[in-house]
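Here the protein sequences line up with chains A and B, keeping their order.
One gets our numbering by counting positions in the first sequence from 1 and adding 482 to each.
One gets our numbering by counting positions in the second sequence from 1 and adding 5 to each.
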Amino acid sequence: MCRLFAVTSDTPLSPMKALEALDAMREGHDGSGVGLFMRDLGGPFAAIKGAPILSGIFTDAGLKKLDTLMMDIGFMTKYRMGIQLPETPPAGTPPRDIYLIRAYDYPRTWENLAEEEKHRRLLKVRLQLREMGEAEGDMIVFSFWPDVIMIKEIGDPLTVGRYMDLDRHGITARIIMAQGRQNTNYAINLYACHPFFLEGFATMTNGENTAFIPVKEFLESRGFDGYIGFQSDSEVFVHILHYISTFLDLPLDAYKHIITPLPDEALNSHADASVLRILKQSCRRLIIDGPNCIIGNLPDGTLFMAQDSKKLRPGIVGGKPGVWAFSSEVCGLDTVIPDRDKSKDFQPMHLDMAMVGPDRKEVKVCRQTDRLSRQA
Amino acid sequence: MSANGQIIPSSLSISDLPWQIRWDQDKCTLCGSCTAVCPVNAIELGVFRKREITAGLGLAEKPSSSQSIRYGIRQRTSPAYACVGCAMCSMVCPNDAISPVRNDGSDKLRYHINQGGQPRSRGGRRNDPSGLLDQIKFIRISMLTDPALDAGRHTFDVNTLLGRVLEPRDALKHQREHGWMPPVREIYPLVIGGMSFGALSPTMWEGLQMGVAYLNEEMGMPVRICTGEGGCPPRLLRSRFLKYVILQIASGYFGWDEIIHAIPEMKEDPCAIEIKYGQGAKPGDGGLLMWHKVNRLIAAIRGVPERVSLPSPPTHQTQYSIEESVAKMIQSMSMAWGFRVPVYPKISATSTSLAVLNNLTRNPYAAGLAIDGEDGGTGAAYNVSMNHMGHPIASNLRDCYLNLVKVGKQNEIPLFAGGGVGKNGNLAANAAALIMMGASGVQTGKYIMQAAAGCLGSEQDRCNICNIGLCPKGIASQDPRIYRRLDAEKVAERVVDLYLAFDMELRKILAPLGRSTSLPIGMSDALGINDYHAAERLGIRYVV
């Protein structure tokens with residue numbers, strides 16, 4: 483089973499904090515891999531918020547290919563974080579040439595483009611890089627987005643974190659999502675490791691989505707080039723979030739209604755019954771199934787947790803104004819925010835979604851029986 | 006055969022018949038029940054004369070000869086009276102003295118059944134007991150990465166949608182702008198397929214309707230039943246139960262005068278309208294109700310004279326192109342109910358199904374597509390149509406679904422699959438396999454007749470005389486002396502039984518797959534088959 487930990491904090495935190503939380507929950511995961519998502523960065527990246535950052539793993543040959551392509555497009559390196567590695571990687575972790583975290587200046591020709599268009603092009607570049615790396619395996623690209631860093635690797639989360647010496651490199655972030663397992667539902671592949679990222683949206687999931695194939699087929703047929711990959715059944719959670727936010731312009735609380743719609747009896751007595759019924763019918767192909775606890779992050783920084791319709795996976799939210807954490811287990815929460823009021827910890831149940839907005843003042847709980855926050 | 010009998014080309018012996026009557030003289034009480042019940046008069050009272058010669062051992066006593074007579078059962082061998090194997094004789098025999106036995110050789114009746122130049126027609130299905138659907142296994146068992154669910158304790162939402170489902174963006178736009186939303190019905194995924202009032206006896210129809218009403222109103226299962234082409238009894242048209250009924254219109258338009266005139270008096274809209282263009286059992290051929298079954302009641306409901314055969318044309322005669330035949334007809338039917346009722350076509354599976362489907366994707370009023378495979382049943386058709394015409398349902402459905410996936414309209418036009426679902430009794434497994442290959446639901450008729458009313462027909466050519474109104478169980482007869490054998494209340498009970506059992510079996514399939522939140526339409530990763538080519542063709546896993 484995966485273990486998940488996410489934190490949102492006014493003060494930037496080291497990703498090692500999140501890995502320590504995963505380590506506290508190590509009885510619940512097999513330590514086969516780690517995925518880290520960091521947003522709203524501190525440290526050296528704090529001053530270059532608007533610059534897109536490329537995160538990935540490259541061989542020396544892959545790096546040359548990257549440089550050639552980026553030069554051709556007109557990207558100039560703005561800041562490069564070199565991660566110095568010890569000679570031998572820990573057991574189970576393959577030797578890598580370069581863990582790349584590099585911020586770029588936009589090409590000159592992009593200067594007058596609208597933000598939206600720039601983002602669209604960033605996605606295209608990321609997909610192009612990913613495709614270029616497919617054959618040789620010399621370029622693995624996790625994200626290419628402003629103010630976002632992602633790291634993924636095979637091996638025990640804390641050991642990998644120490645191996646990369648993340649503390650020493652001064653990476654900090656206000657929003658961190660961490661997951662402690664290489665996806666093993668399908669073949670071992672770093673692209674199958676959570677969290678997943680697409681155009682500012684990120685999710686990670688505990689548990690297998692058994693409705694994977696129909697959901698995947700629906701997404702693939704939307705004609706949007708970002709809906710690719712699918713090495714993991716959990717990747718569709720970020721795609722669904724992206725789809726309902728960008729294509730359908732629905733608020734976050736509608737996400738839960740899309741993936742786990744209310745049963746008909748409950749729907750009939752809902753104040754927004756008519757629109758919810760339409761969503762249930764027209765988005766039927768996006769209904770997920772199986773035991774899933776989803777933690778996600780929106781472009782505005784909102785962090786959320788949602789459960790499947792039977793609440794078959796653990797999940798807890800707690801903290802204090804200024805710092806909140808979402809964790810699979812309470813011991814993860816205790817590791818990072820020991821001094822919170824534990825009586826206010828909240829475990830979202832089958833109808834609930836817990837969210838902490840960018841102001842980090844409180845945990846807001848939406849129940850599916852509530853009215854939608856915004857009309858579709 | 007008597008000594009001076011004549012042998013003609015079609016003279017057959019009992020050995021030449023597909024079914025042979027075994028009769029035990031010791032057990033028989035000569036009650037006459039079997040000869041009375043036999044629907045085809047294959048057996049009759051036989052008077053057997055026997056001469057016995059008695060010859061003593063010595064010379065003193067002269068040999069003598071005596072004659073004795075005994076009475077018993079004689080099987081007739083004329084093709085017109087050949088035993089159909091229904092075994093009603095066994096059912097009524099108080100002493101188990103009689104039963105039909107299948108000829109273990111090749112029968113010769115098949116060469117002589119076309120007497121008078123009439124090819125054989127019959128009811129039932131394609132005479133082939135094998136089936137691909139039964140080979141499909143559900144291989145993706147949830148266990149540790151995600152726990153299996155509990156079929157008995159967890160809640161399962163297995164209902165499906167019948168009606169045109171709009172693409173999410175369009176749906177929200179229509180909702181915002183108060184535009185027309187195509188009617189969508191939430192129904193149970195096992196639909197009782199079209200069997201007409203006329204093909205079925207009044208008791209059978211009544212039993213089915215009662216069962217369906219009970220399932221809806223007492224068990225909360227939104228089960229729907231299609232009328233087939235034969236109209237609908239006037240009282241049902243004007244009752245609240247009409248909402249459980251899918252009205253079928255086909256090329257003979259039988260009964261539609263009555264239906265159209267009843268529209269202003271309808272308390273409820275029907276569930277849907279099914280426009281039948283084709284039927285899996287006899288693709289490219291129209292419906293057929295033979296004169297035997299067209300009595301006063303049937304004639305009145307259908308709006309035809311009594312005792313005439315009613316062959317529907319193979320196609321809708323008023324239209325000549327796919328656009329007219331499909332688009333305009335769907336529109337007309339939608340309009341008749343103020344665009345509140347889903348209207349969808351039913352076709353027989355064919356290599357040209359995709360052409361129909363592609364046409365439907367461009368028609369905003371098309372509410373779905375029902376495809377009936379070669380193993381579909383019928384009340385009457387030519388044997389050659391049943392046995393040799395048509396396309397298997399599995400690959401046809403899969404092609405259609407994957408075509409919809411390609412254009413991004415999967416489940417927007419729900420596909421309903423039929424034809425051989427539950428052919429060997431595996432109703433839930435067959436249905437689930439079709440659903441996971443892309444069907445939004447399945448239609449079945451034959452299984453319902455077998456399970457709810459004890460239909461004796463089989464794919465080894467047992468009985469299959471639905472066409473001549475002599476159904477020994479009273480299911481497909483219009484003769485009150487026969488159909489009173491069937492108790493409508495008991496049929497209703499069995500309908501409820503079989504649906505509840507189906508529902509549990511469906512959950513027993515879905516729970517181990519970890520599916521409960523929605524019907525797993527298109528969950529092809531769950532399927533496997535021990536046939537490489539079939540696996541390749543269907544896009545499912547090859548497992549050995």
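Where is the CB? At the ideal position from N, CA and C, for every residue including glycine.
- Assignment of residue 599(A) by DSSP, reduced to helix, strand and coil, places it in the helix class.
- Within the DSSP secondary-structure output, residue 48(B) pairs in a beta bridge with 80(B).
- Residue 531(B) is classed as buried because its beta carbon has at least 16 other beta carbons within 10 Å across all chains shown.
- Nearest CB-CB separation between residue 823(A) and chain B: not below the 7 Å threshold.
- Separation of the CB atoms of residue 461(B) and residue 449(B) is rounded to 17 Å, and the pair is thereby denied contact status at 8 Å.
- Assignment of beta-bridge partners to residue 381(B) by DSSP yields no partner.
- Three or more beta-carbon pairs drawn from the segment 471 to 484 of chain B and the segment 116 to 131 of chain B are found closer than 8 Å, and the two stretches are therefore classed as touching.
- Nearest neighbour of residue 674(A) by Cα position, chosen from 711(A), 656(A), 689(A), 726(A), turns out to be 711(A).
- Closer than 9 Å at the C-beta level to chain A, one finds these residues of the segment 152 to 164 of chain B: 152, 154, 159, 160, 162, 164.
- Within chain A, the C-beta atoms nearer than 8 Å to that of residue 530(B) come from 694, 695, in chain order.
- A residue is called buried once 16 or more other Cβ atoms fall within 10 Å of its Cβ, and residue 510(A) is buried on that count.
- Three or more Cβ pairs closer than 8 Å define a contact, and the segment 90 to 102 of chain B falls short of that threshold against the segment 8 to 18 of chain B.
- Sorting 511(B), 166(B), 541(B), 535(B) by C-alpha distance to the C-alpha of residue 154(B) places 511(B) at the top.
- DSSP, reduced to helix, strand and coil, places residue 207(B) within a helical segment of the structure shown.
- Between residue 260(B) and residue 308(B) the beta-carbon gap is near 7 Å, inside 8 Å, which marks them as a contact.
- Classified as buried, residue 503(A) has 16 or more neighbouring CB atoms from the shown chains inside 10 Å of its CB.
- Fewer than three Cβ pairs drawn from the segment 695 to 714 of chain A and the segment 746 to 764 of chain A lie within less than 8 Å of each other, which leaves the two stretches out of contact.
- Relative to residue 133(B), the option among 280(B), 428(B), 244(B) whose CA is nearest is 428(B).
- When 9 Å is used as the limit between beta carbons, residue 516(B) is near no residue of chain A, the shortest such separation being about 11 Å.
- Following the DSSP letters along the chain, one finds residue 485(B) inside the alpha helix (DSSP H) bounded by residues 485 to 488.
- About 12 Å separates the Cβ atoms of residue 785(A) and residue 655(A), ruling out a contact at the 8 Å cut-off.
- At the C-beta level, residue 497(A) and residue 627(A) stay beyond 7 Å of one another.
- Against residue 764(A), the close residues of chain B are 170, 171, 172, 173, 176, in the order they occur along the chain (beta-carbon pairs closer than 7 Å).
- Remark: C-beta atoms of residue 451(B) and residue 386(B) do not approach each other more closely than 7 Å.
- Beta-bridge partners of residue 838(A) (DSSP): 785(A).
- DSSP places residue 171(B) outside both helix and strand once states are collapsed to three, so it counts as coil.
- Distances from the alpha-carbon of residue 516(B) to those of 273(B), 156(B), 536(B) put 156(B) closest.
- When DSSP states are grouped into helix, strand and coil, residue 342(B) belongs to the coil group.
- For a Cβ distance threshold of 7 Å, residue set 410, 415, 527 of chain B lies close to residue 699(A), ordered along the chain.
- Residue burial is scored here from C-beta neighbours: residue 149(B) has fewer than 16 other C-beta atoms within 10 angstroms and is therefore classed as exposed.
- Counting only runs that start and end inside the segment 84 to 117 of chain B, the beta strand (DSSP E) elements of at least 3 residues fall at 103 to 107.
- Distances from the alpha-carbon of residue 279(B) to those of 299(B), 114(B), 377(B) put 377(B) closest.
- The Cβ of residue 562(A) sits no closer than 7 Å to any Cβ of chain B.
- Flagged as an interface residue toward chain A: residue 522(B), by a C-beta distance shorter than 7 Å.
- When Cβ-Cβ separations below 7 Å define contact, residue 757(A) makes contact with chain B.
- Per DSSP, reduced to three states, the secondary structure at residue 611(A) is helical.
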